[in-house]
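Colleague: Can you read through this structure? Questions will come right after.
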Amino acid sequence: MDKVYIEGLTIQTTIGFYQWEKEIKQKLVIDLQMGWNTGGAAENDELAKTLDYAQISQEIETFANENPVDLIETLAERLAEYLMTSHHIPWLKLKIGKPGAVFNAATVGVEIERGSRG
1 MDKVYIEGLT
11 IQTTIGFYQW
21 EKEIKQKLVI
31 DLQMGWNTGG
41 AAENDELAKT
51 LDYAQISQEI
61 ETFANENPVD
71 LIETLAERLA
81 EYLMTSHHIP
91 WLKLKIGKPG
101 AVFNAATVGV
111 EIERGSRG
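53 is the number that the UniProt record's numbering gives to position 53 of the sequence shown; each next residue is one higher, with no gaps.
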């Protein structure tokens with residue numbers, strides 16, 4: 001299976017369990033791999049037949065800001081479901097990092113994989 005990917009997408013959103021976190025925006029870094037047959041797009045050089053990573057990048061930021069949650073686990077699960085449903089993606093791997101959340105770590109986060117690679 002081919003993949004379309006986005007790496008290092010940085011967004012600012014409200015996320016966190018503690019009250020002070022609900023009152024600020026924090027940085028999240030997102031890596032996304034999406035299973036997709038790119039042959040149709042490549043055949044006639046057609047954007048409409050592939051996954052538009054610029055559009056999906058914007059959708060990710062909009063989704064995160066319109067659906068605030070406490071846990072990045074919750075955001076990952078809901079975002080994966082949204083992307084798979086709205087773009088008919090059969091498989092994806094989503095990694096969300098929260099840099100600076102733990103003092104001695106560059107980042108912490110979750111990585112989930114959903115769907116079938118076919």
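Here a beta-carbon is modelled for each residue, glycine too, at the ideal position from N, C-alpha and C.
(1) Taking the C-alpha atoms as reference points, what is the distance between S86 and Y5?
(2) Between which two residues does the alpha helix (DSSP H) harbouring W20 extend?
(3) Are I60 and I15 closer than 8 Å when you measure CB to CB?
(4) Measure the Cβ-Cβ separation of L47 and F63 and say whether it is below 8 Å.
(5) DSSP on E59, reduced to helix/strand/coil?
(6) Could you tell me the boundaries of the alpha helix (DSSP H) in which L75 lies?
(7) Taking just the CA atoms, how far does A101 sit from M1?
(8) Got a sec? Which residues, its chain only, sit under 7 Å from T10 by beta carbon, not counting five neighbours each side?
(9) Which term fits K98, buried or exposed, when burial requires 16 or more other beta carbons within 10 angstroms of its beta carbon?
(10) My guess is that G40 and I72 are in contact by the Cβ rule of under 8 Å, so how many angstroms apart are they, rounded?
Modeller: Here's the rundown:
(1) 17 Å
(2) Q19 to K22
(3) no
(4) no
(5) helix
(6) I72 to H87
(7) 35 Å
(8) K27 and V29
(9) buried
(10) The Cβ separation is near 34 Å, so there is no contact.
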